[in-house]
Amino acid sequence: MVSIYLLIIKRFIFLVLIQGLIFNNFDFFDIYDPYVCLVFIITFPVKVNKITFMIISFVFGFALDLYTNTLGINTAACLSIAFLRSYILNFVFGSFYDPHGIKLMKNYVIESTFSQKFLYISSIILIHHLILFSLETFSFEFISLIIIKTIITSIISLIFCATFIYIMIENEK
Amino acid sequence: MQQIIDFIIRKKDVVVYLILLIFSLTLVFNSNYFHKSKVLIFSNSIANYSTENFNYLNEYFELKKINSSLLEENLVLKNQLEKINKNISLDSLTNINFTFRNAKVISNNLSSFKNHLIINKGVRHGLKNEMGVINSTGIVGIINRTSKNYSSVMSVLNIDTKINAKVKRTSHFGTLEWNGRRTSYLVLNDIPETANIKVGDSIITGGMSLIFPEGINIGVVSEIINQNKISDTVVRFKGNINEANYLDFEFKENYLTVKVKLHTDMNNLNNVYVIESLNRKEFQKIKK
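Here the protein sequences line up with chains V and E, keeping their order. Just so we're aligned, residue 1 is where the first sequence starts under this note's numbering, counting upward by one. Just so we're aligned, residue 1001 is where the second sequence starts under this note's numbering, counting upward by one.
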């Protein structure tokens, strides 16, 4: 159990720094940034208690907020997908998902079909971006802009997150 | 009572989620108030410190570009100085309204709807809220928050920023805003239709708010869009006028919406100048 928390702390620091220092200045087509930080929540160990998970992702979102110079926007978005993740896992993987977390991340990647993987990652990214951008503007005036931006940023984030996860499972024991 | 406690224990995930969500939403909506708290200033300065150190690396590769842009600016200023020396006597120089300070951009964000910059000077160097920030080519933003060593600048690419601007040729005033779409274009509202604006006219700051002095370059008109085309249609009706009491006539003056191409390249900011207005207190006193 201690080793799991060590792993979480390592990923926490690494992903906050890589998001805050590098990917926030990525500026794809000037206004689109990939949100690689979501790898933290996508690959968070299932074994850990849900309340602990929510508190950790609350702190994670707060750390991201410090780098983007906003308050509470990333926090609310990260917290919400941490809450929704178990439902999404249940919905996507069905009986394959075990809440006790005996399976490794590698098992999920190898044994599930492509559509399952795609649905899981893309639904988390879409929900996160929708909450993030709508809290940021908080007006109906920009609603078409929010939807366009959510879709384009999600595609970019999806590519980056998938690549990241494939690199990570190479190193997993 | 027992049932309520049982219910809370059963649904403890939801309860914890709601508590944390309410906490984060209060952070969002009271962000102006919480900015002043000491914990936040401390933690924010850690983030700023790490970004600043990381930026040294980045800056090294751009030294050549920075150097040439500084040289160019120097040339323009030298030419201006020459003109002043010839035409105007020294008396006019004693009447200073604005002073400039230099600063460096630490972090620059373009991807959100409310973009902010961080510059490496703060209260210790005499910066305050609502000071204008410019670049050698044009405007950059307005300071909205200061800490001891750093300050945060509301960039012009922020949907909340409103800057007073005017057309240089015709001197019509308008408000400059960002529509959240592209980083090199701003939108100038509230210009009356009677103003004879053409594509290619230059837009400068209006100097009505003492944040920016008058006459700083902003950009060039690239497109003129007529705003009220739909309400322009003439309503005709036949019959008794007494029956038509529900008809509402609205004769608005038509305003133009003008798309402005920015001179400033917001992707690429290094050295900026902070403008302090010396008459600000006096101005605010009389405005009340």
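All C-beta atoms in this analysis are idealised placements derived from N, C-alpha and C, irrespective of residue type, glycine included.
Min CB distance residue i to chain E below 8 Å
i: V:Met168; result: no
i: V:Lys10; result: no
i: V:Thr150; result: no
i: V:Ile51; result: yes
i: V:Ile127; result: no
i: V:Thr68; result: yes
i: V:Phe142; result: yes
i: V:Phe114; result: no
i: V:Ile31; result: yes
i: V:Leu6; result: no
i: V:Leu145; result: yes
i: V:Phe60; result: no
i: V:Thr137; result: yes
i: V:Leu21; result: yes
i: V:Leu71; result: yes
i: V:Leu79; result: yes
i: V:Phe83; result: yes
i: V:Met54; result: yes
Segment limits, alpha helix (DSSP H) that includes residue i
i: E:Met1001; result: Premise fails: E:Met1001 is in no alpha helix (DSSP H) and is neither H nor E.
i: V:Thr52; result: Lys50 to Thr68
i: E:Phe1100; result: From DSSP, E:Phe1100 is part of no alpha helix (DSSP H) but of the beta strand (DSSP E) over Phe1098 to Asn1108.
i: V:Ser115; result: Phe114 to Thr137
i: E:Lys993; result: No statement about residue 993 of chain E is possible, as the shown extent of chain E runs from 1001 to 1288 and does not include it.
i: V:Leu38; result: Leu38 to Ile42
i: V:Leu79; result: Ile73 to Phe93
i: V:Arg11; result: Val2 to Leu17
Start-to-end residues for the beta strand (DSSP E) that takes in residue i
i: E:Val981; result: Because chain E here runs from 1001 to 1288, residue 981 of chain E falls outside it and cannot be looked at.
i: V:Ile22; result: Run containing V:Ile22: none; DSSP gives neither H nor E here.
i: V:Ser157; result: Segment Ile143 to Asn171 is the alpha helix (DSSP H) holding V:Ser157; no beta strand (DSSP E) there.
i: E:Val1014; result: Note, E:Val1014: premise wrong, no beta strand (DSSP E); alpha helix (DSSP H) at Lys1012 to Phe1029.
i: E:Tyr1273; result: Asn1271 to Ser1277
i: E:Thr1175; result: Phe1173 to Glu1177
i: E:Tyr1255; result: Tyr1255 to Leu1262
i: E:Lys1114; result: Lys1114 to Ile1119
i: E:Ile1191; result: Tyr1185 to Pro1192
i: E:Gly1206; result: Premise fails: E:Gly1206 is in no beta strand (DSSP E) and is neither H nor E.
i: E:Asn1158; result: Ser1151 to Asn1158
i: E:Gly1138; result: Here E:Gly1138 belongs to no beta strand (DSSP E), and DSSP marks it neither H nor E.
i: E:Ile1163; result: Ile1163 to Val1167
Where residue i falls, given that 16 or more other Cβ within 10 Å makes a residue buried
i: E:Ser1155; result: buried
i: E:Ile1046; result: exposed
i: E:Arg1010; result: exposed
i: E:Val1274; result: buried
i: V:Ile167; result: exposed
i: V:Ile195; result: Residue 195 of chain V is absent from the structure shown; chain V starts at 1 and stops at 173.
i: E:Asn1081; result: One point to set straight first is that residue 1081 of chain E is Leu, not Asn, in the sequence displayed. Classification of E:Leu1081: exposed, given that the 10 Å Cβ count is below 16.
i: E:Tyr1017; result: buried
i: V:Phe58; result: buried
i: V:Asp65; result: buried
i: E:Asn1109; result: buried
i: V:Gln19; result: buried
i: E:Ser1112; result: buried
i: E:Leu1057; result: exposed
i: E:Gly1200; result: exposed
i: V:His100; result: exposed
i: E:Lys1083; result: exposed
8 Å Cβ cutoff, residue i in contact with chain B
i: V:Thr75; result: This model lacks chain B altogether, as its protein chains are V and E.
Nearest-angstrom Cβ-Cβ length linking residue i and residue j, presumed shorter than 8 Å
i: E:Ile1139; j: E:Ile1191; result: Not confirmed; about 18 Å, so no contact.
i: V:Ser157; j: V:Leu79; result: At roughly 18 Å, the Cβ-Cβ gap does not stay under 8 Å, so V:Ser157 and V:Leu79 are not in contact.
i: E:Glu1062; j: E:Asn1270; result: 7 Å
i: E:Phe1173; j: E:Lys1162; result: That belief does not hold up - the Cβ atoms of E:Phe1173 and E:Lys1162 are roughly 12 Å apart, past 8 Å.
i: E:Asn1179; j: E:Val1187; result: 5 Å
i: V:Met54; j: E:Leu1020; result: 6 Å
i: E:Leu1210; j: E:Ser1277; result: 4 Å
8 Å Cβ cutoff, residue i in contact with chain V
i: E:Leu1188; result: no
i: E:His1116; result: yes
i: E:Leu1278; result: no
i: E:Val1049; result: Here residue 1049 of chain E turns out to be Tyr, not Val, going by the sequence shown. Not closer than 8 Å to any Cβ of chain V, the Cβ of E:Tyr1049 fails to qualify, so no.
i: E:Val1260; result: no
i: E:Gly1126; result: no
i: E:Phe1042; result: no
i: E:Val1133; result: no
i: E:Val1113; result: The amino acid at residue 1113 of chain E is misidentified as Val; the sequence shows Phe. Judged by the 8 Å Cβ criterion, E:Phe1113 is in contact with chain V.
i: E:Asp1013; result: yes
i: E:Asp1232; result: Residue placement at E:Asp1232 cannot be trusted, given a pLDDT of 45 that sits under 50; what the coordinates show is reported in the next sentence. No, because no Cβ of chain V sits closer than 8 Å to the Cβ of E:Asp1232.
i: E:Asn1159; result: The question names Asn, but residue 1159 of chain E in the sequence shown is Ile. Output row for E:Ile1159: interface = yes.
Residues, ordered as in the chain, of the segment 89-100 of chain V that lie near chain E by beta-carbon distance below 9 Å: none
Which residues of the segment 1055-1075 of chain E have a Cβ closer than 7 Å to any Cβ of chain V? Give them in chain order. none
For the segment 1162-1174 of chain E, list every residue whose C-beta sits within 7 Å of some C-beta in chain V, in sequence order. none
Under 9 Å, CB to CB, which of the residues in the segment 1200-1227 of chain E have a partner in chain V? none
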